[in-house]
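Going down the list, the protein sequences come from chains F and C.
Per the numbering used here, the very first residue in the first sequence carries number 1; after that it's consecutive.
Per the numbering used here, the very first residue in the second sequence carries number 1; after that it's consecutive.
Glycine included, each C-beta is placed from N, C-alpha and C at the ideal position.
This report concerns only the one structure given below.
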Amino acid sequence: MTVLAVITEFVDALRLIVESREAQTGDVQVGGLGEFAYFTGQHLLVSGVALGVAVAVALPVGLYLGHQNKGEFVAVSVSNIGRSVPSLALLGLFIAFAGIGFGNVALVLCLIAVPPILTNAYVGVRQVDPDTVDAAKGMGMTGLEVMRKVELPLAAPLITSGLRLATVAVVATATIGPLADTLTLGRPIINNNVYGEAGPLAGAIAVAVITLLADQAVRIAGRAVTPKGLRLRSDQERESGPNVPSLKRGAQTA
Amino acid sequence: MNRYLRRSILTLVAVLASLALAACGEQPGGGGDGGGGGEGGAPGQVIQRVPNAPQQEITVGSKDFEEQFILGEIYAQALRAAGYNTKTDLDLGDAQTAYKALQGGEIDMYPEYLGTALTSFYDVKPEDVPSETTPAYQQTKDAAAKDKVAALAPTPFQNTFAPTMLTEEANRLGIASLSDLGAKGDDLSYAGFPEFEQRADGLPGLEQTYGIKPKDFVGTEEKTEVLDQDEADVVNFFSTDGELTLPKYKALADDKTFFPRYNVSLLVGEDATRVIGPQGMKVIEQVQKPMTEEVMQELNSRVVLDKEQPEKVAAAYLKESGFVK
Numbered sequence: 001m002t003v004l005a006v007i008t009e010f011v012d013a014l015r016l017i018v019e020s021r022e023a024q025t026g027d028v029q030v031g032g033l034g035e036f037a038y039f040t041g042q043h044l045l046v047s048g049v050a051l052g053v054a055v056a057v058a059l060p061v062g063l064y065l066g067h068q069n070k071g072e073f074v075a076v077s078v079s080n081i082g083r084s085v086p087s088l089a090l091l092g093l094f095i096a097f098a099g100i101g102f103g104n105v106a107l108v109l110c111l112i113a114v115p116p117i118l119t120n121a122y123v124g125v126r127q128v129d130p131d132t133v134d135a136a137k138g139m140g141m142t143g144l145e146v147m148r149k150v151e152l153p154l155a156a157p158l159i160t161s162g163l164r165l166a167t168v169a170v171v172a173t174a175t176i177g178p179l180a181d182t183l184t185l186g187r188p189i190i191n192n193n194v195y196g197e198a199g200p201l202a203g204a205i206a207v208a209v210i211t212l213l214a215d216q217a218v219r220i221a222g223r224a225v226t227p228k229g230l231r232l233r234s235d236q237e238r239e240s241g242p243n244v245p246s247l248k249r250g251a252q253t254a
Numbered sequence: 001m002n003r004y005l006r007r008s009i010l011t012l013v014a015v016l017a018s019l020a021l022a023a024c025g026e027q028p029g030g031g032g033d034g035g036g037g038g039e040g041g042a043p044g045q046v047i048q049r050v051p052n053a054p055q056q057e058i059t060v061g062s063k064d065f066e067e068q069f070i071l072g073e074i075y076a077q078a079l080r081a082a083g084y085n086t087k088t089d090l091d092l093g094d095a096q097t098a099y100k101a102l103q104g105g106e107i108d109m110y111p112e113y114l115g116t117a118l119t120s121f122y123d124v125k126p127e128d129v130p131s132e133t134t135p136a137y138q139q140t141k142d143a144a145a146k147d148k149v150a151a152l153a154p155t156p157f158q159n160t161f162a163p164t165m166l167t168e169e170a171n172r173l174g175i176a177s178l179s180d181l182g183a184k185g186d187d188l189s190y191a192g193f194p195e196f197e198q199r200a201d202g203l204p205g206l207e208q209t210y211g212i213k214p215k216d217f218v219g220t221e222e223k224t225e226v227l228d229q230d231e232a233d234v235v236n237f238f239s240t241d242g243e244l245t246l247p248k249y250k251a252l253a254d255d256k257t258f259f260p261r262y263n264v265s266l267l268v269g270e271d272a273t274r275v276i277g278p279q280g281m282k283v284i285e286q287v288q289k290p291m292t293e294e295v296m297q298e299l300n301s302r303v304v305l306d307k308e309q310p311e312k313v314a315a316a317y318l319k320e321s322g323f324v325k
């Protein structure tokens with residue numbers, strides 16, 4: 001009975017994504033593929049801009065601090081502050097210098113993205129074996145070469161995971177867009193009286209799907225730039241054939 | 001039985017007398033349904049202790065914004081002054097959350113706006129909410145009764161949408177009402193909470209009723225910042241917003257009474273209606289009487305602008321209005 005109700009609501013939400021209908025409050029048409037495609041586009045655009053700026057700012061700073069082996073306080077503080085400031089409050093705060101709209105939302109999302117990228121880049125470089133770095137220096141590499149050829153590749157898995165954290169956080173949070181005149185997939189969630197009960201569910205489904213897709217895209221891109229020997233075990237297992245891990249797991253539970 | 005009857009009659013007489021006195025007191029105050037008006041309202045009748053008021057604990061709840069905190073405190077303190085055992089559980093969240101808490105017995109009463117109650121709980125479309133208080137209240141009361149909730153008599157003030165401009169700009173353009181805005185506002189931009197753009201009781205309705213066609217709609221929850229930073233020309237305020245006490249802002253008159261009614265009715269759960277009884281309800285009505293839009297703006301401004309505690313603002317209101325000594 002309740003399962004049926006959940007399924008009915010789910011189907012109704014999916015229908016809202018596919019075909020437009022009259023608003024709960026009358027007068028206007030809402031929903032439909034065209035509208036949701038537009039929201040998705042805006043959602044990805046504002047998230048992409050935010051992530052791009054965050055990478056451009058936080059990655060070099062994190063790498064540099066890690067390379068110099070200092071600034072732990074800065075890296076840790078930035079990540080903690082970033083986690084504690086509510087993004088909704090920032091939207092209001094930034095009107096003063098970013099106005100209301102795309103730039104404002106992008107700026108808020110950017111601030112969400114910076115901490116994980118900065119912290120992971122810093123930790124990623126710090127955790128590189130000092131002997132390896134010494135060996136590289138002994139071979140006559142300059143500081144920049146050490147970073148580019150040794151530290152950066154060895155830090156790649158952590159940097160990637162930082163990027164994935166940032167991506168998930170940003171794409172999920174871009175839902176606040178409509179609160180500052182940016183029509184992302186948050187619109188059917190925030191305007192729930194207009195879209196009806198299907199609105200928030202439809203918005204959530206769409207956001208969840210693109211969040212997972214974006215996360216996977218970053219994972220695959222990160223894996224491509226990670227040296228083979230450092231790829232996460234799960235990836236290696238997958239490469240050596242799907243049967244092995246599942247057999248092991250089966251043996252443990254049995 | 002006999003004693004009970006006599007007490008009831010005595011109480012009835014007392015209530016009638018206090019009502020008569022209140023009515024007498026009001027006449028010199030300036031008449032009209034505006035009641036007290038101005039700062040804090042006219043002196044009212046001191047709240048009488050209800051003899052043998054039941055001592056079950058009554059929890060007064062509220063939604064999550066300033067006006068609700070103030071109202072919750074006023075009702076709780078007024079009932080306490082009448083001898084009931086009240087406590088508050090304010091800041092519950094949005095309307096749905098508060099209503100569920102009421103039905104679940106977590107709280108015994110909380111103030112709700114007629115328009116919100118009708119549209120959020122009782123499946124009335126925003127466009128179908130009556131724009132007169134009496135039918136809106138009657139509809140709310142009947143619908144609430146089906147949920148075993150009593151909707152007490154509405155407040156004089158209502159907290160509806162109030163399109164607002166910078167006074168300077170409004171004067172320069174000669175815009176004082178929504179009709180003026182419809183006639184002269186085609187080059188202006190309009191800002192409001194995101195839903196306003198699509199709701200029948202929002203922009204689409206304003207266009208139908210007044211011919212208001214702003215050149216741009218800016219979806220935002222912010223208000224004063226939007227006007228101050230010139231992000232839009234007209235911003236959707238609420239009619240009891242504390243900021244409207246500032247001369248800098250001018251709310252445009254809804255001269256065709258388009259916006260639905262958002263007077264407050266205290267929603268009371270079944271058990272609590274028995275606890276406070278008709279006498280408790282009279283106390284609620286009594287303290288609501290001076291609450292005009294100006295009074296509510298003033299009270300809100302003390303919390304929002306002057307950063308005073310809602311509890312203290314409520315106490316000051318009861319004192320300034322003469323309900324407590």
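In the three-state reduction of the DSSP assignment, Phe94 (chain F) falls in the coil class.
Contact with chain F is absent for Glu112 (chain C), since none of that chain's Cβ atoms lies less than 9 Å from the residue's Cβ. If you draw a 10 Å sphere on the C-beta of Glu197 (chain C), you find 16 or more other C-beta atoms in it, and that means buried. In the DSSP assignment, the residues bridged to Thr164 (chain C) are C:Val235 and C:Ala251. Taking C-alpha positions only, Ile17 (chain F) is separated from Pro247 (chain C) by approximately 46 Å. Around Arg199 (chain C), the beta-carbon contacts reaching into chain F at under 7 Å are Thr25, Asn193 and Val194.
Rounded to the nearest whole angstrom, the CA to CA distance from Val133 (chain F) to Gly222 (chain F) is 22 Å. Exposed is the label assigned to Phe73 (chain F), since fewer than 16 other Cβ atoms lie within 10 Å of its Cβ. Cβ-Cβ separation between Leu267 (chain C) and Ala144 (chain C): approximately 6 Å, consistent with a contact (criterion under 8 Å).
Residue range Ala198 to Val225 is occupied by the alpha helix (DSSP H) that includes Thr211 (chain F). Between the segment 57-70 of chain C and the segment 297-316 of chain C there are three or more C-beta pairs closer than 8 Å, enough to call the two in contact. Those residues of the segment 225-236 of chain C placed with their C-beta closer than 7 Å to a C-beta in chain F are Glu225, Val226, Gln229 and Glu231, ordered along the chain.
Within the segment 262-278 of chain C, no residue places its CB atom closer than 8 Å to a CB of chain F. In the three-state DSSP reduction, Ala191 (chain C) falls in the strand class (E or B).
For Ala170 (chain C), the closest Cβ of chain F is not nearer than 9 Å.
For Asp12 (chain F), the closest Cβ of chain C is not nearer than 9 Å. Interface flag for Pro194 (chain C) against chain F is set, since a Cβ pair is found closer than 9 Å. Gly93 (chain C) is positioned such that its CB atom lies closer than 9 Å to that of Asp64 (chain C).
Taking the beta carbon of Asp181 (chain F) as reference, the chain C residues within 7 Å of it are Val218, Gly219 and Thr220, listed in sequence order.
In the three-state scheme derived from DSSP, where H, G and I count as helix and E and B as strand, Thr142 (chain F) is classed as coil. For the pair Gly92 (chain F) and Ile112 (chain F), the CB atoms are not nearer than the 9 Å cut-off. Proximity to Pro153 (chain F) across F:Leu88, F:Gly124 and F:Val6 peaks at F:Gly124, based on C-alpha coordinates. At a cut-off of 9 Å between beta carbons, Gly205 (chain C) contacts chain F.
For Thr59 (chain C), the number of other beta carbons within 10 angstroms of its own is at least 16, and it is reported as buried.
Distance from Pro178 (chain F) to Pro126 (chain C) at the Cβ level is roughly 19 Å; contact not present, criterion being Cβ atoms closer than 8 Å. In this structure, the CA atom of Phe237 (chain C) is about 59 Å from the CA atom of Lys228 (chain F). A straight-line Cα-Cα distance of about 48 Å links Leu213 (chain F) and Asp254 (chain C).
Within its own chain, the residues whose Cβ lies closer than 6 Å to the Cβ of Met296 (chain C), once the five positions on either side in sequence are excluded, are Phe157 and Thr240, listed in chain order. For Asp12 (chain F), same chain residues with a beta-carbon under 7 Å away, outside a window of 5 residues either side, are Ala198 in chain order. Secondary-structure assignment with DSSP links Phe217 (chain C) through a beta bridge to C:Tyr190. Residue-level contact by beta carbon holds for Ile95 (chain F) and chain C, with a gap shorter than 9 Å. Against Lys125 (chain C), the close residues of chain F are Gln24, Thr25 and Gly26, in the order they occur along the chain (beta-carbon pairs closer than 8 Å).
In this structure, DSSP gives Lys87 (chain C) an extended state, which the three-state scheme calls strand. Residue pairing by DSSP places Tyr110 (chain C) opposite C:Leu267 in a beta bridge.
In the DSSP assignment, Gln309 (chain C) forms no beta bridge with any residue. Annotated three-state conformation of Glu72 (chain F) is helix, per DSSP.
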